[in-house]
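Asker:
Chains as they are written, first to last, in our numbering: chain A, 57 to 289; chain B, 165 to 249.
1) I need the DSSP call for residue 139/A, collapsed to helix, strand or coil.
2) What are the complete beta strand (DSSP E) segments, minimum 3 residues, inside the segment 93 to 150 of chain A?
3) Listed from N- to C-terminal order along the chain, which residues in the segment 146 to 168 of chain A have their beta-carbon within a distance smaller than 8 Å of any beta-carbon of chain B?
4) For residue 258/A, count the other beta carbons within 10 Å of its own beta carbon; 16 or more makes it buried, fewer makes it exposed. Which is it?
5) With distance defined between alpha-carbon atoms, name the residue in 196/B, 183/B, 214/B and 178/B nearest to residue 241/B.
6) Between the segment 175 to 183 of chain A and the segment 255 to 274 of chain A, are three or more C-beta pairs nearer than 8 Å?
7) Let's see if you can read the secondary structure: which residues bound the alpha helix (DSSP H) around residue 267/A?
8) Under 8 Å Cβ-Cβ, which residues of chain B neighbour residue 113/A?
9) Using 10 angstroms around the beta-carbon of residue 174/B, count the other beta-carbons present and answer buried if the total reaches 16, otherwise exposed.
10) Rounded to whole angstroms, what's the CA-CA distance from residue 169/B to residue 229/B? Just pull it up for me.
11) Per DSSP, what kind of secondary structure is residue 161/A in: helix, strand or coil?
12) Would you kindly work out how many angstroms separate the C-alpha atoms of residue 115/A and residue 87/A, rounded to a whole number?
13) Beta-carbon within less than 8 Å of residue 182/B's beta-carbon, same chain only, minus the 5 sequence neighbours each way: which residues are those?
14) At least one CB of chain A closer than 8 Å to the CB of residue 211/B: is that the case?
15) With residue 250/A and residue 193/A assumed to form a contact (beta carbons below 8 Å), what rounded beta-carbon distance in angstroms separates them?
16) Does the distance from the CB of residue 229/A to the CB of residue 176/A come in under 8 Å?
17) Hey, is residue 220/B's beta-carbon within less than 8 Å of any beta-carbon in chain A?
18) Please report whether the beta-carbon of residue 195/A lies at a distance below 8 Å from any beta-carbon of chain B.
19) Between residue 172/A and the ligand MN, is the CB less than 7 Å from at least one heavy atom?
Below, the structure written as structure tokens:
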């Protein structure tokens, strides 16, 4: 299975995302923001960082990168896409996910290990977890406060599209403690904390992040056997 | 040179922590009669030819503002020099 990791000008965590995918057992294909060709990858990770220096709004410029045109089309067709941190912001700007990420309510950059509760395992990126599982992965953001109107929030809750919530403290003021959400089909997931930084004992607070990458490999193995890669119903 | 000015503001229901931080700092300046501060963004667009409001609106809607959290207004600004003062 080939997982593509996109590098934008200002991406920081593309190396770690590629490494995490490799540790999970994927073949990694490095994708360049200026290249619309996705080189036949089976899934895509949009990594963390500060694409285009966060000019205008986080993710606002990256959304119009040639690679994103192809990814938006492919995601609508079911391609599994995981947006981490800045990647989550890009997915919201691209309207693949509802809502927006805004300045942390306390205005401070937060960088710490963060407990999450996995709320939905019906996505291409979380099927390796068990529902309600508590995981520990790093969070590091200045603009990670998830906001959406009440109707959208209610809809996300009702449809089981809140993928993970902050527990034991909300690091940024996100509404309803939302740390990760998915689209209707379950193939696109945006998450503010960083699973790619929790895949090795030497550098991470746990190995919990690995589950996101093994999940997509499992979803892809299932889809080649005729099951939709986005398992969300 | 006529410019099109786009003003982008957070929607009223979206919390503006930057504005709040500024409001909270004002008493240090001796200002105590301000009840609220909201921070937005002003963008000036110069067209190669005549200013095109429809085009500017399209740019604002697609890129300059995020309609999920922000509203924008557009107007043509005729006199560039008056702005400096």
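In this text, a Cβ means the ideal position worked out from N, Cα and C, and glycines have one as well.
Answerer: Let me lay it out:
1) Numbered from 1 along the first chain, position 83 holds the residue referred to as residue 139/A. Strand at residue 139/A.
2) 99 to 102 and 137 to 140
3) 148, 149, 154, 155, 156, 158, 159, 160, 161, 162 and 163
4) Position 202 of the first chain, counted from the start, is the residue given in the question as residue 258/A. Classification of residue 258/A: exposed, given that the 10 Å Cβ count is below 16.
5) Residue 241/B sits at position 77 when you count from the first residue of the second chain. For the residues 196/B, 183/B, 214/B and 178/B, the minimum Cα distance to residue 241/B belongs to 214/B.
6) yes
7) In the first chain, the residue the question calls residue 267/A occupies position 211. Per DSSP, residue 267/A belongs to the alpha helix (DSSP H) from 266 to 280.
8) Working through the first chain from its first residue, we reach residue 113/A at position 57. Ordered by position in chain B, the residues that pass the 8 Å Cβ test against residue 113/A are 230.
9) For the purposes of this step, residue 174/B is taken as residue 10 along the second chain, with counting starting at 1. Residue 174/B is buried by the Cβ-count criterion.
10) As a first step, residue 169/B must be located in the second chain, where it is residue number 5. As a first step, residue 229/B must be located in the second chain, where it is residue number 65. Approximately 13 Å, taken between the alpha carbons.
11) Within the first chain, numbered from 1, the residue matching residue 161/A stands at position 105. In the structure shown, residue 161/A sits in coil (DSSP, three-state: anything other than H, G, I, E or B).
12) Your numbering for residue 115/A matches position 59 in the first chain. Your numbering for residue 87/A matches position 31 in the first chain. Rounded to whole angstroms, residue 115/A to residue 87/A spans 17 Å at the Cα level.
13) Sequence index remark: in the second chain, residue 182/B carries index 18 (1-based). Taken in chain order, the residues that qualify are 203.
14) Indexing the second chain from 1 puts residue 211/B at position 47. Not an interface residue.
15) Here residue 250/A refers to the residue found at position 194 of the first chain. Here residue 193/A refers to the residue found at position 137 of the first chain. Going by Cβ atoms, the distance from residue 250/A to residue 193/A rounds to 6 Å, so yes, they are a contact pair.
16) To locate residue 229/A, count along the first chain from 1; it is residue 173. To locate residue 176/A, count along the first chain from 1; it is residue 120. No, they are not a contact pair.
17) Within the second chain, the letter at position 56 stands for residue 220/B. It does not; no Cβ of chain A falls within 8 Å.
18) Position 139 of the first chain, counting from 1, holds the residue named residue 195/A. With 8 Å as the cut-off, residue 195/A does not count as an interface residue toward chain B.
19) The model depicted lacks the ligand MN and carries no ligand whatsoever.
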